[in-house]
Structures are given as C-alpha cells and as structure tokens.
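**Q**
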Amino acid sequence: MASSAHSNADATIKVRFRAPEQGGRAQPAGGRWFGCPMVIRGEGFDCRLLLDGKTLEPERWYEVPVKFLSREQADTVLAVGQAITLWEGKTIAEGFITGIDPVPAETRREPAPQV
C-alpha cells in the first residue's frame, strides 16, 4: 500500500509546483483538495490532490495523496517512478508517482463467471 494517510487515495505523488515566473500558478494550491488534470505518458486524467487544508508553495517538493475521477482509466498508466505533470491550461507542476494504493475490494470489478 502507498504511504498515503488517506484510505480513499488512489496514488501518492511527489510534486513541485512551478513559480509564477516559470509559468506556474499566480497563487499556491491549497484547501481541502486541488483539482486539475494529471498528465501521465502524454494522457490527461482528472484528479484531486487531497490536501487537507495544506498549502503547496511553489518550488518546494511535497508528497501528496491523489484521487482520480476515473481510477480504471488511470490504472492503465500508473507505475511507481512514472513522471507526471499537473496541467491548468499549461504545465504548473512536475513530479513522479511514489505509491499506488490497491483498488478497494468493494469497488473492484471481477470478471463475469464463465457458464
């Protein structure tokens, strides 16, 4: 299991937001969660960074739990060590995946039995 403190997280990322003069956000990301597409292998996946009231200042590294809006689609490219970018009309942050949480048994889709 990933080192996430959130039982509902899908993955954990290590991420660094760009400074505004590097094309980053004008304001730091903060609040309960922060939503944006995460680009993995050139493909975008809507996600929420689970911040729990933390503020992510630019140019500092943070380890952050992430929830994907469509875990099934993201599963096709999730891999520990995989590079990621966060997108908000432009690249606002870079990082990599540090952990992948298992799909909870109650939401896992099992193949239909063969008859």
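According to UniProt numbering, the sequence shown is numbered sequentially starting from 1. The C-beta atom is built at its ideal place from N, Cα and C for all residues, glycine as well. Because the structure is a prediction, the values reported are computed rather than measured.
Report all residues from its chain with a CB closer than 7 Å to the CB of residue 4; omit the five preceding and five following residues, and keep chain order.
**A** Bear in mind that a pLDDT of 43 at residue 4, under 50, signals an unreliable position, so the model cannot answer this.
**Q** Is residue 48 near residue 34, with beta carbons less than 8 Å apart?
**A** Yes.
**Q** For the putative contact between residue 54 and residue 8, defined by C-beta atoms under 8 Å, what is the C-beta separation to the nearest angstrom?
**A** At roughly 17 Å, the Cβ-Cβ gap does not stay under 8 Å, so residue 54 and residue 8 are not in contact.
**Q** Any idea if residue 79 is buried or exposed, counting beta-carbon neighbours within 10 angstroms, 16 or more meaning buried?
**A** Exposed is the call here.
**Q** Which runs of the alpha helix (DSSP H) spanning at least 4 residues fall entirely within the region 66-108, listed in chain order?
**A** Those alpha helix (DSSP H) runs which fall completely within the region 66-108 and span 4+ residues are 71-74.
**Q** In the DSSP assignment, find the unbroken beta strand (DSSP E) run with residue 11 in it and report its ends.
**A** Note, residue 11: beta strand (DSSP E), 11-17.
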